[in-house]
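Have a look at the structure below before the remarks.
Residue numbers (the working numbering): 621 to 1105.
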């Protein structure tokens, strides 16, 4: 730890969940020493305090100290349409796509900042953000001070062409026509983003490539994107088998369901982050895991918009690594990884008809160290270990639902984090040794200003959408106009 005599910051007196080893890594009455943005000491308080003095001490007495949560997949700018795309089928074509097409690119950074603030206040310190225009959105990540692994998305789907599709007889649920020029522009933007932002601020911002889905790109562009990612040694972040629409499109175009199709193109591999797997068969789930791809489960989003339990247990049983994501707020309503922890645990138990699958300790690891590994940054964050970046959070243990904290003969900290905590007890969020949120306040941004900006942007969005005659007949629009919602 540097000269071995002084910590920049000492967090002392709280119970720790380090995520080191195979479980939650509990340490009673522990401490964490931070120097130069990294953890240089972690363990029992008496030992850590005895190693050095500190320039700053954070009293964690009565609190839980743990790694910051990892939201491995979200569409941050979509928060501006929160709650706008639910209880419809097909979801993408009957709500999310046509409504959110009216969100202005100029307003996207405003929405992204609000989504990140929501996550940070609920204990998330790292975001796997998948949205556009990412060149603009990345500034919101930098501004708030969180960690991020970002991509802008590569797609030949262009919602601006929707009126022409309808005129040609396209109906929601049909494979969407592809726009080659749109896809080429998206790939070029993604590569430029990587050149400009990958490794920013000592690696706090990482850039990977995000081909959207098997049905939203031609096979040629999927292969090109994979080649560009592999030349740069970075991951691909891809929606995989999310919807029946995807399988139907690849069957029509290539005679294969989405996962076998991706495998035939050579996209299934250790450099792939496969999101959802909602419609994957057991054999397809096993294939993705066998190829070494990593999975992100967005249990609440997929449960709400598709009524499906993602195959997390099967993927883990096949040896696969899983992280958690909040996905998008139009269909999920929130960016809260505590909510995702509870959902993934509960859904697995309900699906199995047993309380035993998906134990709480495993779910907490999915939200921390395993989520970090899914994003390819597990060597830097996700656990409280010497040499890692000091990304951590503090939670009160003296308020419901975490109080009372019981330690003997059985500890209740981990079960209560998963089945009861909502994020309301998060008191501090730190990234690379810098406190970015404490006691309800953001240290880098003004909450009142951010809300005013978001409100103005939301008004612009609803006015633009309301003026679009082609939205008449959309289920959620008709329910609104009928007064039922």
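Glycine included, each C-beta is placed from N, C-alpha and C at the ideal position. Predicted model, so just to flag it, every value in this text is computed and none were measured.
| Query | Result |
| --- | --- |
| Could you tell me which whole alpha helix (DSSP H) segments of length 4 or greater appear in the segment 769 to 824? | 782 to 787, 800 to 817 and 820 to 823 |
| Run the CB neighbour count on residue 621, radius 10 Å, all protein chains shown included, and call it buried at 16 or more, exposed below. | Interpretation of residue 621 is limited by its pLDDT of 45, a score under 50 that renders its predicted location unreliable; the figure taken from the coordinates is listed afterwards. Residue 621 comes out buried. |
| Going by other Cβ atoms of all chains shown within 10 Å of its Cβ, with 16 needed for buried, is residue 769 buried or exposed? | buried |
| Residues in its own chain within less than 8 Å of residue 626 by CB, not counting five upstream and five downstream? | 655, 672, 673, 674 and 675 |
| State whether the segment 688 to 708 contacts the segment 939 to 952, with contact taken as three or more CB pairs (one from each stretch) at a distance under 8 Å. | yes |
| What is the DSSP secondary structure of residue 708, counted as helix, strand or coil? | coil |
| Going by the beta-carbon positions, is the gap between residue 893 and residue 916 smaller than 8 Å? | yes |
| Taking DSSP as the reference, what is the three-state secondary structure of residue 929? | coil |
| Tell whether a beta-carbon distance below 8 Å holds between residue 833 and residue 859. | yes |
| Apart from the five residues just before and just after residue 669, which ones in its own chain have a Cβ nearer than 8 Å to its Cβ? | 630, 632 and 651 |
| Could you tell me if residue 642 is buried or exposed, where buried requires 16 or more neighbouring beta carbons within 10 angstroms of its beta carbon? | exposed |
| Below 8 Å on the Cβ atoms is my contact criterion, and I expect residue 1044 with residue 764 to pass it. Report the Cβ-Cβ distance as a whole number of Å. | About 20 Å separates the two Cβ atoms, so there is no contact after all. |
| Could you tell me which of 941, 795 and 809 sits nearest to residue 872, measuring between CA atoms? | 795 |
| Which first and last residues belong to the alpha helix (DSSP H) in which residue 676 is found? | Not the alpha helix (DSSP H): residue 676 falls in the beta strand (DSSP E), residues 673 to 679. |
| With residue 632 as the anchor, note down where its beta strand (DSSP E) starts and where it stops. | 626 to 637 |
| Using only the alpha-carbon positions, how far apart do residue 889 and residue 744 sit? | 28 Å |
| Apart from the five residues on each side of it in sequence, which residues of its chain come closer than 7 Å, Cβ to Cβ, to residue 760? | 729, 732, 733 and 736 |
| Please classify residue 1016: does DSSP put it in a helix, a strand, or coil? | strand |
| Can you round the beta-carbon distance between residue 746 and residue 690 to whole angstroms, since I take them to be within the 8 Å contact cut? | 5 Å |
| For the structure I just gave you, are there three or more beta carbon pairs, one from the segment 712 to 730 and one from the segment 1022 to 1031, closer than 8 Å? | no |
| Taking 6 Å as the limit between beta carbons, can you name the residues of its chain near residue 723, skipping five residues before and five after? | 700 and 1081 |
| Please classify residue 667: is it buried, with 16 or more other beta-carbons within 10 angstroms of its beta-carbon, or exposed? | exposed |
| For residue 969, which of helix, strand or coil comes out of DSSP? | helix |
| Below 8 Å between beta carbons: does that hold for residue 1038 and residue 1013? | no |
| Taking the alpha-carbon of residue 679 as reference, which of 1019, 649 and 658 has the nearest alpha-carbon? | 649 |
| Go through its chain and collect everything with a Cβ distance to residue 885's Cβ below 8 Å, but skip five positions before and after it. | 839, 842, 843 and 846 |
| Exposed or buried, residue 623, counting other C-beta atoms within 10 Å across all chains shown (16 or more means buried)? | Bear in mind that a pLDDT of 49 at residue 623, under 50, signals an unreliable position, so the number given afterwards is only what the model happens to contain. Residue 623 comes out exposed. |
| Residue 664 lies in the beta strand (DSSP E); which residues open and close that run? | 658 to 664 |
| Does the segment 919 to 935 come within contact of the segment 958 to 968, defined as at least 3 CB pairs closer than 8 Å? | yes |
| In this structure, how does DSSP classify residue 903 when only helix, strand and coil are distinguished? | helix |
| Can you say whether residue 792 is buried or exposed, counting buried as having 16 or more other CB atoms within 10 angstroms of its CB? | buried |
| Grouping DSSP H, G and I as helix and E and B as strand, with all else coil, what is residue 1104? | coil |
| Step through the CB atoms of chain B and report whether any lies within less than 8 Å of the CB of residue 1089. | You won't find chain B in this structure, because it holds only one protein chain. |
| Which of helix, strand or coil does DSSP assign to residue 683? | strand |
| Thinking C-beta only, is residue 961 closer than 8 Å to residue 976? | no |
| Quick check on the DSSP output: the beta strand (DSSP E) that includes residue 738 runs from which residue to which? | Run containing residue 738: none in the beta strand (DSSP E); it sits in the alpha helix (DSSP H), 728 to 741. |
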